[in-house]
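Here's the structure we're looking at; comments come further down.
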Amino acid sequence: MRFLTADYLFPLHIAPIKEGVLQLSDDGQVITIFNNRSEVPQKKLEVFEGILCPGFVNVHCHLELSHLLGELPKQTGLPEFIAHIPQKRGAEPFKIQQAMQKADTMMQKNGIVGVGDISNTSDSFQVKQKSKIQYHTFLELISLDEKKAETVINNGLVLLEQCESSASLVPHATYSVSEKLFSLLKSHNSAEPICIHNQETKTEDELFESGSGALFEKLKQFGTISVSGKSALQTTLAKMPKQAPIVLVHNTYTTKEDIDWAAAYHTQLYWCTCPKANLYIENSLPDYSIFDADKLCIGTDSLASNDSLSILEELKVVQESSDFDMNTLLKIACKNGAEALGFSILGTFEKGKIPGVNLITSFTKSEITKLI
Ligand SMILES: [Zn+2]
193 MRFLTADYLF PLHIAPIKEG VLQLSDDGQV ITIFNNRSEV PQKKLEVFEG ILCPGFVNVH
253 CHLELSHLLG ELPKQTGLPE FIAHIPQKRG AEPFKIQQAM QKADTMMQKN GIVGVGDISN
313 TSDSFQVKQK SKIQYHTFLE LISLDEKKAE TVINNGLVLL EQCESSASLV PHATYSVSEK
373 LFSLLKSHNS AEPICIHNQE TKTEDELFES GSGALFEKLK QFGTISVSGK SALQTTLAKM
433 PKQAPIVLVH NTYTTKEDID WAAAYHTQLY WCTCPKANLY IENSLPDYSI FDADKLCIGT
493 DSLASNDSLS ILEELKVVQE SSDFDMNTLL KIACKNGAEA LGFSILGTFE KGKIPGVNLI
553 TSFTKSEITK LI
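The numbering of the sequence shown is our numbering, which starts it at 193 and goes up by one.
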């Protein structure tokens with residue numbers, strides 16, 4: 193049995209507690225919380241300076257792109273960035289494995305206990321299976337060619353069969369999936385969590401609203417794009433299953449009007465921000481004031497568009513560009529992400545959970561120790 197206490201305890205399902213005590217079983221399960229250190233025999237207390245919070249949940253990562261660290265140019269805008277990925281993606285299999293292993297270890301050291309990870313291949317399955325981190329794998333499908341829709345989903349189903357972590361089939365982005373493939377994905381889904389890259393670039397809305405812009409020009413050769421006169425989000429969400437929790441990733445250019453429309457249309461939406469990747473690729477950030485903070489979660493994206501996989505570093509960027517207090521920031525980093533991915537034992541210090549414990553000694557310097 194362990195009794196952990198610090199200057200503040202952030203259980204996240206209840207308000208922060210000054211000098212609160214967290215009681216855990218030897219295997220890290222939450223037994224109870226004490227509001228006061230005097231309720232526990234002093235010699236049993238492990239006292240730390242700083243704050244204690246649950247392990248972080250990284251809602252959006254692409255482990256299999258880890259070997260692209262430092263390979264892609266910064267601030268080129270998304271259309272250029274995605275054009276570079278296929279050229280750079282190939283590498284010796286052992287280098288890919290080594291980079292993923294390193295990335296998984298980096299996440300553990302940075303206090304991450306749960307990850308929503310995108311896979312286009314089976315490359316990362318073994319690393320994820322052996323890891324202490326709880327993974328949900330999003331098997332991502334891409335194709336604007338209607339004729340290839342059946343083949344693409346069948347390939348996805350083969351990967352689903354091979355993947356030993358929890359997994360679901362998902363569309364890559366609003367602009368890279370044909371009507372047919374969207375419809376096959378919708379009929380396949382039986383309420384498992386899914387995700388989609390949404391409004392990461394301004395040209396994405398232009399593409400759907402008026403059939404023009406840089407992204408439209410890059411993509412029109414690959415298939416038919418359904419110009420709808422509506423925003424990317426409003427066009428695409430209508431093609432996705434209503435019963436599944438959906439993580440919308442990036443949302444850099446999402447408007448208040450889109451958010452209000454989406455909240456009325458779908459009841460289980462989560463908005464995942466990846467601020468450092470947004471700065472890397474597009475050099476812009478979402479307007480955090482327009483989102484429901486209880487539905488905001490956070491991801492690192494991949495090492496192709498980031499120099500680290502640290503939720504604390506991502507949070508710092510959000511803090512600098514929002515009015516969120518520490519409790520809200522930590523909910524974004526832990527509780528909301530666990531809910532989005534269906535990780536029922538992670539995210540808060542509620543009795544019975546095994547959420548991991550992070551000690552943050554300096555938020556501004558990203559000083560963190562994973563205690564459990
Ligand atoms: Zn991504």
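C-beta atoms are modelled at their ideal positions from N, C-alpha and C, and glycine is treated no differently.
Cβ pair residue i, residue j closer than 8 Å
i	j	result
S497	Y472	yes
P433	K378	yes
L148	T446	Residue numbering for the chain in the displayed model covers 193 to 564; residue 148 lies beyond these limits and cannot be assessed.
L533	V344	no
L573	L521	The question about residue 573 has no answer here: the residues shown for the chain are numbered 193 through 564.
K468	E409	no
C489	I524	yes
L333	L352	no
E356	L270	no
V251	G491	yes
P246	F541	yes
L336	S358	no
Y493	H254	Note that residue 493 is Asp in the sequence shown here, rather than Tyr. Result yes, Cβ atoms of D493 and H254 sit closer than 8 Å.
N390	H442	yes
A406	L429	no
Q267	N475	yes
Residue i in three-state terms, based on DSSP
i	result
E213	Checking the sequence shown, residue 213 turns out to be Val, not Glu. In this structure, V213 counts as strand in the three-state DSSP scheme.
N519	helix
E284	coil
L376	helix
P385	coil
I274	helix
P467	helix
V344	helix
Q326	strand
H364	coil
Y457	helix
V232	coil
A406	helix
H254	coil
Y200	strand
E238	strand
A359	strand
L411	helix
L495	coil
F535	coil
I524	helix
T447	coil
E353	helix
A530	helix
Q318	helix
Assigned exposure category for residue i - 16 Cβ within 10 Å defines buried
i	result
T197	buried
M193	exposed
K372	buried
P265	exposed
A530	buried
F286	exposed
S536	exposed
G415	buried
T427	buried
G212	buried
E284	exposed
E559	exposed
V239	exposed
V350	exposed
T366	buried
DSSP bridge partner residues for residue i (one or two, in chain order)
i	result
V249	G306
S335	V369
C489	C464
T395	The partner list for T395 (beta bridge, DSSP) is empty, contrary to what the question assumes.
H442	N390
V222	L216
T561	L551
I243	Y200 and I552
S578	As shown, the chain starts at 193 and ends at 564. That puts residue 578 outside it, with no answer to give.
F195	Q215 and L237
Residue i at chain B interface by Cβ criterion, 8 Å
i	result
L255	Given the protein chain composition of this structure (a single chain), no chain B is represented.
Distance cut-off 7 Å: residue i Cβ against heavy atoms of ligand 3
i	result
V509	Looking at this structure, you won't find ligand 3 anywhere; what it does contain is ligand 1.
Same chain, Cβ closer than 6 Å to residue i, neighbours up to 5 away in sequence not counted
i	result
Q215	F195, I223 and T224
S258	A291, M292, A295 and L495
Y462	V439, K487, C489 and A532
Close beta carbons around residue i, own chain, < 7 Å, minus the five adjacent residues each side
i	result
I243	A198, D199, Y200, F202 and I552
G421	E401
G348	L331, L333 and L361
Q511	L521
N528	Y462, D486, K487, L488 and C489
Cut-off 8 Å between Cβ atoms - residues of its own chain near residue i, not counting five sequence neighbours on either side
i	result
I325	D296, M299, Q300, I304, V305, G306 and V307
V419	L399, F400, E401, S402 and G403
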